[in-house]
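Structure first, then comments.
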Amino acid sequence: MEKTKKNKSSMSLGERFLRLLTDEQTGAAIILAVVVLILALTADNFLSTRNLTNLLRYASFYVMVGVGVLVIFRSGAMDLSLGATMGMSGILAAMLAQRGMPLWLILIETLVVGALIGAFNGYLVGYWGFPAFIATLGSKQVVRGLITVITGGYPVNGLSEEFTFLGAGSFLGIPVPIYVALAMMGITAYVLNKTVFGRHVCATGGNTQAALVSGINTRRIQMLAYVYGGCCAAIAGTVLTARITSGQVNTGDGFELDAIAGAIIGGAAMDGSGGTVTGVLCGILVIYAVKNGMTLLAVNAYWQQVVQGAIIIIAIFLDIIRKKQRK
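If you're matching positions, the sequence shown starts at 119 in the numbering used here and goes up one per residue.
Pasting the structure below:
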């Protein structure tokens, strides 16, 4: 105890600040507050109601994917195919909406597609021992190719008004996608913290061998975590397609990287050792606030790509620091 106190008291101001930034409970909130303060002082209209509403609307799509990333992370895995899952679900939803199918049926069918893609990834990783990076990168390419085969590379237009309201509508002045993201956050928090499945997911990611000894079927749990992530991506792709009011071949392209980076900034660890839903929200808001601010400041598009890439690298750096601190 005395040694711990001594170590804490001997830390420099910079070390203490770094520890705060990398803390999974407070780090993302502090980073978000700093980013918002800087942009409020430098970017005109950043704090306007219209801009904040648009920021939250588009960030909500990343949050929908991000909570799926969190569950997969907590199982000790990762998924690079979530953006492609969004695209496949979005195209399917657009084709069904074009034919006038009811919204509830569209949601069910897209969830099935997301679950199947997730189950495929989970089977490869959990049961066959494929490296998650390779397996999901491969399935990403397969799904993207199938999207092009199905659509011929053309967009799907003429969607029903009932469907487009899901992405473009508002209720009480708040865009519907924000409600969807909040609902998914609540469901995910409940699943991880209040259900047997959630506890088994966290146990599997925290220490696979210990989970096996305690009788947990870690292969099955990891596959179900992928299914959950696939369903989250399917919902995100469906709502995003409704927002665009058209099924696009490239829907969801690159979403998984920002969602993964946001989750890591928010305290989620790729080795399954941490992460919360609120942390994911804060991490993704950091990323999208930076994107929004660069647009308002008229930053060159090429430099925006540089900054976005740097954010992903910083996210990995934070994850490495957290792992060292836990040791």
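Every residue gets a Cβ at the ideal spot worked out from N, C-alpha and C, and that includes glycine.
Exercise. With 16 as the cutoff for other CB atoms within 10 Å, does Asn239 come out buried or exposed?
Worked result: Position 121 of the sequence shown, counting from 1, holds the residue named residue 239. Its Cβ being crowded by 16 or more others within 10 Å, Asn239 is buried.
Problem set entry | Counted within 10 angstroms of its Cβ, other Cβ atoms place Leu159 as buried (16 or more) or exposed | Numbered from 1 along the sequence shown, position 41 holds the residue referred to as residue 159. The residue in question, Leu159, is exposed, as its Cβ has fewer than 16 Cβ neighbours within 10 Å.
Problem set entry | Cβ distance (whole Å) where Ala381 is taken to contact Gly184 below 8 Å | If you number the sequence shown from 1, residue 381 lands on position 263. If you number the sequence shown from 1, residue 184 lands on position 66. So it is a contact: roughly 5 Å between Cβ atoms.
For this session: Only counting runs of 4 or more residues, tell me where the alpha helix (DSSP H) segments fall wholly within the region 215–262, in order along the chain.
Result: 221–240
Exercise. So Ala203 packs on Val152, CB below 8 Å; how close in whole Å?
Worked result: On the sequence shown, position 85 is the one that residue 203 refers to. On the sequence shown, position 34 is the one that residue 152 refers to. Looking at the sequence shown, residue 203 is not Ala but Thr. About 33 Å; that fails the 8 Å criterion.
Exercise. Ala354 and Met182: beta carbons closer than 8 Å?
Worked result: Stepping through the sequence shown from its first residue, residue 354 is reached at position 236. Stepping through the sequence shown from its first residue, residue 182 is reached at position 64. Yes, they are a contact pair.
Exercise. What's the call for Ser166, buried or exposed, on a 16-neighbour Cβ count within 10 Å?
Worked result: Residue mapping note: residue 166 aligns to position 48 of the sequence shown, counting from 1. With fewer than 16 other Cβ atoms within 10 Å, it is exposed.
For this session: For my contact list, Gly370 and Gly201 are in at a C-beta cut-off of 8 Å; report their separation, rounded to the angstrom.
Result: On the sequence shown, residue 370 is found 252 positions in, with the first residue counted as 1. On the sequence shown, residue 201 is found 83 positions in, with the first residue counted as 1. Contact flag correct, Cβ pair sits at about 4 Å.
Exercise. What number of angstroms, rounded off, separates the C-alpha of Gly393 from the C-alpha of Ser257?
Worked result: For the purposes of this step, residue 393 is taken as the residue at position 275 of the sequence shown. For the purposes of this step, residue 257 is taken as the residue at position 139 of the sequence shown. Whole-angstrom Cα-Cα distance: 26 Å.
Exercise. Does the region 216–227 come close enough to the region 328–336 to have 3 or more Cβ pairs within less than 8 Å?
Worked result: No, because fewer than three Cβ pairs between the region 216–227 and the region 328–336 fall closer than 8 Å, the two stretches do not touch.
For this session: Determine which residues share a DSSP beta bridge with Gly276 and list them.
Result: Locating residue 276 in the sequence shown gives position 158, where the first residue counts as 1. According to DSSP, Gly276 bridges with nothing at all.
For this session: Starting from the Cα of Ile305, find the closest Cα among Tyr176, Lys441 and Gly186 and give me that residue.
Result: Residue mapping note: residue 305 aligns to position 187 of the sequence shown, counting from 1. Ranking Tyr176, Lys441 and Gly186 by Cα distance to Ile305 puts Gly186 first.
Problem set entry | C-alpha gap between Ala212 and Asn368, whole angstroms | In the sequence shown, residue 212 corresponds to position 94, counting from 1. In the sequence shown, residue 368 corresponds to position 250, counting from 1. Taking the straight line joining both Cα atoms gives about 13 Å.
Exercise. Any idea which residues DSSP pairs Ile292 with across the strands?
Worked result: Numbered from its first residue, the sequence shown carries residue 292 at position 174. Ile292 is bridged to Phe289.
For this session: Could you tell me the distance, in whole angstroms, from the CA atom of Gly208 to the CA atom of Ala343?
Result: In the sequence shown, counting from the first residue as 1, residue 208 sits at position 90. In the sequence shown, counting from the first residue as 1, residue 343 sits at position 225. Approximately 21 Å, taken between the alpha carbons.
Problem set entry | In DSSP terms, what Gly208 is bridged to | Within the sequence shown, the letter at position 90 stands for residue 208. Partner(s): none; Gly208 has no beta bridge.
Problem set entry | Gly365 - partner residues in DSSP beta bridges | Looking up residue 365 in the sequence shown gives position 247. In DSSP, Gly365 forms a bridge with Val274.
Problem set entry | Coil, strand or helix - Thr532 by DSSP | The structure shown does not extend to residue 532, since the chain is modelled only from 119 through 445, so no value can be given for it.
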